[in-house]
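In what follows, a single structure is set out as structure tokens and then discussed.
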Amino acid sequence: MLPRRLLIGLMFLLFSLLMVWPAAAQDTDLPLTATSTDAQGGKLLLSFPDEWAAFADESGFRFSDSAETLNTFDPYTLEGDAFVLEVAYLSASEVNGTEADAVLNQVLDELAAEVDKLTTGAAEPFLDEGLLTTGEAESGAERTAATVSIIVAVRPLGEGYLQLVFYKAQEVLDDDLAVLTEMARSAAYVAPAVLTENNQGEQPSISLDLPQSISSTDASGGVLSVSYPENWVASEAQGTINIADSEETLGTDTPGVGQIFGSILFLPSDLLSGINLSQNATPEEVLRTFVSLLGEGGETSFDLDEPQNLENGDFGGALATGTAEGGGQTLAISLVVVEVEAGFALLIFGSAEGELSQYDTLIRAISNSVTYEPFVTGS
2 MLPRRLLIGL MFLLFSLLMV WPAAAQDTDL PLTATSTDAQ GGKLLLSFPD EWAAFADESG
62 FRFSDSAETL NTFDPYTLEG DAFVLEVAYL SASEVNGTEA DAVLNQVLDE LAAEVDKLTT
122 GAAEPFLDEG LLTTGEAESG AERTAATVSI IVAVRPLGEG YLQLVFYKAQ EVLDDDLAVL
182 TEMARSAAYV APAVLTENNQ GEQPSISLDL PQSISSTDAS GGVLSVSYPE NWVASEAQGT
242 INIADSEETL GTDTPGVGQI FGSILFLPSD LLSGINLSQN ATPEEVLRTF VSLLGEGGET
302 SFDLDEPQNL ENGDFGGALA TGTAEGGGQT LAISLVVVEV EAGFALLIFG SAEGELSQYD
362 TLIRAISNSV TYEPFVTGS
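Sequence positions in the sequence shown follow my numbering and run 2 to 380.
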């Protein structure tokens with residue numbers, strides 16, 4: 002068994018640890034998030050730098066260094082440091098097979114058909130089981146005759162693949178690749194429907210509406226609150242909140258196919274010294290500390306990606322996804338830290354292996370809804 006109680010217990014345990022070395026901060030900042038809804042109703046979510054211009058439609062995203070460059074829609078008119086990045090989600094029905102090399106070759110073939118000459122190097126590993134290649138694309142059209150540097154990358158996402166094609170007038174730099182890597186890492190796709198063993202073939206879409214809410218009062222008198230979807234259920238006790246897609250999920254130790262749970266608790270700023278952090282620590286620093294501690298051993302092993310930035314209204318947040326493995330079972334998990342009044346809210350979501358990515362946007366929405374009201378003496 003891999004009970005979720007073990008995961009939540011580990012979070013409480015971290016409060017009492019005295020010797021922790023926080024991981025180094027991430028260099029690439031992606032404070033903005035864009036959403037593209039495809040023709041089938043699926044949602045592609047992607048974070049990007051605040052100085053970039055962005056455009057989204059059913060086919061995906063187009064990013065650039067400026068609105069002027071973005072409006073040209075033609076990578077072969079780029080000059081100086083200008084660039085264009087095109088991002089799309091390729092569903093399982095749109096790709097040739099499930100292997101990254103086949104998908105990358107398909108993208109390159111389609112790109113080669115649009116230009117006069119395409120030259121690329123050998124494919125290199127890119128994030129989790131993805132591939133990347135760099136090279137040049139040449140257009141001989143009289144109006145736009147030019148050669149541009151390109152980066153083409155694909156990575157598995159949900160049931161399909163994320164595709165990125167980056168065009169730049171000048172040579173591609175390491176900084177360009179670093180930003181693309183972090184953007185690709187931040188990507189999430191919410192499928193238009195979720196099919197489970199319990200819904201007799203019906204496929205309800207994942208709603209991002211959160212009409213229900215629940216609050217829990219902790220030992221200090223502070224009130225932790227969170228909103229959650231219609232038809233979900235929730236429970237609370239002494240400052241901890243549990244939410245799930247059904248009563249069955251809420252009462253089980255290990256979620257099955259089509260099930261997802263979440264647990265939320267509050268970490269006061271004045272307890273951060275107990276895990277070797279200052280009261281001014283950022284959400285990312287807190288999350289990195291928790292991820293580091295979760296990976297220090299024990300009967301359960303954790304494999305979590307690098308933290309991603311998470312918008313949370315006037316506050317900040319960070320999110321890391323991955324797996325927890327123990328007792329012969331693997332659980333997909335998402336660990337979130339959001340800044341709230343007087344401290345941080347810690348959230349952990351879990352589902353059956355391979356199913357959590359479709360809930361990414363919903364997890365972000367729930368995390369953004371968390372609030373905390375400290376107890377005020379005399380109130």
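Ideal Cβ positions, reconstructed from N, Cα and C, are used throughout, including at glycine.
With a cutoff of 7 Å on beta-carbon distance, Ser368 and Val341 are scored as not near each other. Close CB contacts of Thr324 within its chain, under the 7 Å cut and outside five residues either way in sequence, are with Asp304, Thr331, Leu332, Ala333, Ile334 and Glu354 (chain order). Here the segment 70-77 makes no contact with the segment 97-106; the two share fewer than three CB pairs at distances below 8 Å. Within a 10 Å sphere around the beta-carbon of Lys169 sit 16 or more other beta-carbons, which makes this residue buried.
Short of 6 Å from the beta carbon of Asp361, and not among the five residues preceding or following it, lie these beta carbons of its own chain, in chain order: Ala189.
At a Cβ-Cβ threshold of 7 Å, Leu71 and Ala54 count as neighbours. In this structure, Val116 places its C-beta atom within 7 Å of the C-beta atom of Ala138. For Asp110, the enclosing alpha helix (DSSP H) covers residues Ala101 to Ala113. The closest CA to that of Phe267, considering only Ile276, Trp233, Pro308 and Val224, is found on Val224. For Leu178, the uninterrupted alpha helix (DSSP H) segment begins and ends at Asp175 to Ser187. Residue burial is scored here from C-beta neighbours: Lys44 has at least 16 other C-beta atoms within 10 angstroms and is therefore classed as buried. As DSSP reads the structure, Gln164 sits in a beta bridge with Ala89 and Val155. Per DSSP, Asp51 is not a residue of any beta strand (DSSP E), being assigned neither H nor E. Residue pairing from DSSP places Phe350 in a beta bridge opposite Gly263 and Ser335. Shown here, Pro32 sits in coil according to DSSP, grouped into three states, outside any helix or strand.
Measuring C-alpha to C-alpha distances from Leu209 to each of Ser217, Leu128, Ile215 and Tyr229 identifies Tyr229 as the nearest. Rounded to the nearest angstrom, the gap between the Cα atoms of Pro212 and Glu87 is 35 Å.
Ranked by Cα distance from Pro256, the options Glu356, Leu174 and Ala179 are led by Glu356. Residues of the same chain with a CB within less than 8 Å of the CB of Leu181, apart from the 5 flanking positions on each side, are Leu86, Ile152, Ala154, Leu165 and Phe167 in chain order. Secondary structure of Val371 (DSSP, three-state): coil. Thr324 carries a strand assignment under DSSP once its states are collapsed to helix, strand and coil. Closest by C-alpha distance to Arg156, out of Thr148, Val108 and Ser150, is Val108. A straight-line Cα-Cα distance of about 8 Å links Val191 and Gly159. Between Glu130 and Asp110, the alpha-carbon positions lie close to 20 Å from each other.
The Cβ-Cβ distance between Ile349 and Ser264 falls below 7 Å. Per DSSP, the beta bridge partners of Asp304 are Thr324. Approximately 6 Å separates the beta-carbon atoms of Leu31 and Phe49; this is inside 8 Å, confirming the contact. In chain order, Pro32 and Leu33 place their CB closer than 7 Å to the CB of Asp51, counting only its own chain and leaving out the 5 sequence neighbours on each side.
The Cβ atoms of Leu311 and Ala321 lie no closer than 7 Å to each other.
Rounded to the nearest angstrom, the Cβ distance from Glu59 to Ala40 is 5 Å, consistent with a contact under 8 Å.
DSSP, reduced to helix, strand and coil, places Asn232 outside both helices and strands of the structure shown, so it counts as coil.
DSSP places Ala68 in the uninterrupted alpha helix (DSSP H) bounded by Ala68 to Thr73. Thr134 carries a strand assignment under DSSP once its states are collapsed to helix, strand and coil.
Note on geometry: alpha-carbon atoms of Pro375 and Leu336 lie some 23 Å from one another. For Gly222, same chain residues with a beta-carbon under 7 Å away, outside a window of 5 residues either side, are Phe376 in chain order. As DSSP reads the structure, Tyr190 sits in a beta bridge with Leu45.
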